[in-house]
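Colleague: Handing you a structure now.
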Amino acid sequence: DPARPAPSDWATVLPERPEVLQHVTSAGGRLFANYLKDVRSQIQVFGLDGTPQRSVELPGPGTADGFAGERGDTEVFYTFDSMQQPPTIFRYDLASGRSSVFRAPEIAGYDASRYESRQVFFASRDGTRVPMFLVFRKGLKLDGRNPTILYGYGGFNVTMTPYFSAPRIAWLEQGGVFAMANLRGGGEYGEAWHEAGMRLSKQNVFDDCIAAAEFLIREGYTSPQRLALQGGSNGGLLVGAVVNQRPDLFRVALPEVGVMDMLRFQKFSVGAAWTADYGSSDDPAQFANLLRYSPLHNIREGSPYPATLVTTADHDDRVVPAHSFKYIATLQAKAGAGAPKLIRIETNSGHGSSNLSKRLDLAADLYAFSWSQMNVVPSFPPP
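First residue of the sequence shown: 1, per our numbering; consecutive thereafter.
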């Protein structure tokens, strides 16, 4: 009430719940609360006074957004996508509570019904229950022979909700599996989940990722000879740290624009802002922790590292390319002979692909490199 601004006069409309509240919108005299339930969107409808009305039935496990409008509206629109369904606009009727497709994208040759996505849970090293989303073609055989990309981030309170990727179709068409692990350090289960993967607890993130790889191998989705680990920025740090600790789990490592020098990251561009999550080598206790997992400083002499394709860009002013330059030079100098250790440097680009054609070129190089190292011969058209 604007006339009673004191906190003691405030009234609770939506009490806190165990699920993470992403945001609240209003339309048609109702409140739409967008919660995360095990990293899947859950939309609850309330009266303006907070009285529960109903849940919105979504097409499946995925990510929903929208539900904003005017007070007199009788319908509202939202978008929904998942690991297999492209972003689709739905119309939601406020009176009946029913949704209908308003507009869906057309992707030539892609049929979502040919693919399956699922959510699995696994135990990390300390017993923490960690979720992971998978997508693959229906009829997948769990014989350990499927080329698989494990993707992770795990930091800065970033929530990795299920999402559709058009370039990913090329991987799936060749019988590949894509797995996205919701590691600690993100925001999937609120601030406690974030704090469990930051600063002195950063090793939890790497343990979660290692446990995800072990789950995929144990359950027959793939094998170490057919498993790639991918991540960008903070996720590039993840890749570098994990393959230092468990190179035996992976055939391919794909660190993209990664933070690889944990002792000097705060000295360049916006790196000083990351000390909130990582800590700083200027602090003696944090220095020791950072040194324990810094990708650059833990490359082991003569160790049989996975085939590695580092990617960066010459104009990256967020994670300066020096991180990737020093990392690949040290890896080439120290790692055992065998699998290739290469770097791909995009020109006239920054922290990520700068246009569609460059994005497609990057995806093609990452997939081609992975297939070649996994002894997978892609067929066109796909089987």
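Where is the CB? At the ideal position from N, CA and C, for every residue including glycine. Being a predicted model, the structure only gives us computed values, none of them experimental.
Would you identify the three-state DSSP class for Gln225, choosing helix, strand or coil?
Modeller: Looking at Gln225 - three-state DSSP - the assignment turns out to be helix.
Colleague: When you compare each of Ser82, Thr25, Leu21, Tyr367 to Ala228 by their alpha carbons, which one comes out closest?
Modeller: Among Ser82, Thr25, Leu21, Tyr367, the Cα nearest to that of Ala228 belongs to Tyr367.
Colleague: Which of helix, strand or coil does DSSP assign to Asn34?
Modeller: In the structure shown, Asn34 sits in a strand (DSSP, three-state: E or B).
Colleague: With distance defined between alpha-carbon atoms, name the residue in Val20, Leu172, Pro255, Tyr115 nearest to Ile328.
Modeller: With distances taken between Cα atoms, Ile328 lies closest to Pro255.
Colleague: Name the DSSP beta bridge partners of Ser233, please?
Modeller: Answer is none; Ser233 lacks a bridge partner.
Colleague: With H, G and I counted as helix, E and B as strand and the rest as coil, what does DSSP make of Thr388?
Modeller: Outside the displayed span of the chain (1 to 383) sits residue 388, for which this structure offers no information.
Colleague: Who are Asp65's beta bridge partners in DSSP?
Modeller: DSSP lists Thr79 as partners of Asp65.
Colleague: Taking only the alpha-carbon atoms, compute the straight-line gap between Arg17 and Gly127 and give it to the nearest angstrom.
Modeller: Between Arg17 and Gly127, the C-alpha separation is close to 24 Å.
Colleague: Which residue comes first and which comes last in the beta strand (DSSP E) that contains Ile89?
Modeller: Note, Ile89: beta strand (DSSP E), 88-93.
Colleague: Based on DSSP bridge pairs, tell me the residues matched to Phe178.
Modeller: For Phe178, which the question treats as bridged, DSSP gives the partners Val135, Ile149.
Colleague: At the level of alpha carbons, what is the spacing between Phe156 and Gly186?
Modeller: The straight-line gap from Cα to Cα measures roughly 6 Å.
Colleague: Since Tyr293 contacts Leu331 with CB under 8 Å, what's their CB separation in whole angstroms?
Modeller: About 16 Å separates the two Cβ atoms, so there is no contact after all.
Colleague: On a Cα-Cα basis, can you pick out the residue from Arg184, Val76, Pro86 that is closest to Arg98?
Modeller: For Arg98, the nearest C-alpha among the options comes from Val76.
Colleague: What does DSSP give as the partner residue(s) for Pro52 in the beta ladder?
Modeller: DSSP lists Phe46 as partners of Pro52.
Colleague: Distance, Cα to Cα, Phe121 vs Asn204?
Modeller: Cα-Cα distance, rounded: 16 Å.
Colleague: Hey, would you say Leu150 sits closer than 8 Å to Ala213, going by beta carbons?
Modeller: Yes, they are a contact pair.
Colleague: Can you name, in chain order, every residue of its own chain whose Cβ lies under 7 Å from the Cβ of Gly220, other than the five neighbours on each side?
Modeller: Result list for Gly220: Leu142, Asp143, Gly144, in chain order.
Colleague: Can you pull the DSSP bridge partners for Phe121?
Modeller: Answer is Pro131.
Colleague: Starting from Val376 and walking both ways along the beta strand (DSSP E), at which residues does that stretch end?
Modeller: No beta strand (DSSP E) holds Val376; DSSP gives it neither H nor E.
Colleague: Pick helix, strand or coil for Ile107, following the three-state DSSP scheme.
Modeller: Ile107 falls in the coil class under three-state DSSP.
Colleague: Once the 5 residues before and after Ile217 are set aside, which same chain residues still bring their CB inside 8 Å of it?
Modeller: Correct list, in chain order: Gly144, Ser223, Pro224, Leu227, Leu249.
Colleague: The beta strand (DSSP E) spanning Ala307 covers which residue range?
Modeller: Residues 307-313.
Colleague: Going by CA-CA distance only, name the one from Ala337, Asp314, Lys326, Ala335 that's closest to Thr347.
Modeller: Here the closest residue by C-alpha is Asp314.
Colleague: On the criterion of 16 or more Cβ atoms from any shown chain inside 10 Å, does Val101 qualify as buried, or is it exposed?
Modeller: That one is exposed.
Colleague: I think His351 touches Val319, with their Cβ atoms under 8 Å apart; what is that distance to the nearest whole Å?
Modeller: Their Cβ separation, rounded to whole angstroms, is 6 Å, which keeps His351 and Val319 in contact under 8 Å.
Colleague: DSSP beta-bridge partners for Tyr115?
Modeller: Paired residues: Arg137.
Colleague: Name the one or two DSSP bridge partners that Glu346 has.
Modeller: Ala313, per the DSSP bridge assignment.
Colleague: Are Ser61 and Arg40 closer than 8 Å when you measure CB to CB?
Modeller: In the sequence under discussion, the amino acid at residue 61 is Pro, which differs from the Ser named in the question. Contact flag set, yes.
Colleague: Please report the Cβ distance between Ile299 and Ala335, rounded to the nearest whole angstrom; I am assuming they are in contact, meaning their Cβ atoms lie under 8 Å.
Modeller: The pair is a contact, with the Cβ atoms about 7 Å apart (cut-off 8 Å).
Colleague: Over what stretch of residues does the beta strand (DSSP E) that includes Pro255 continue unbroken?
Modeller: Element bounds for Pro255: 252-256.
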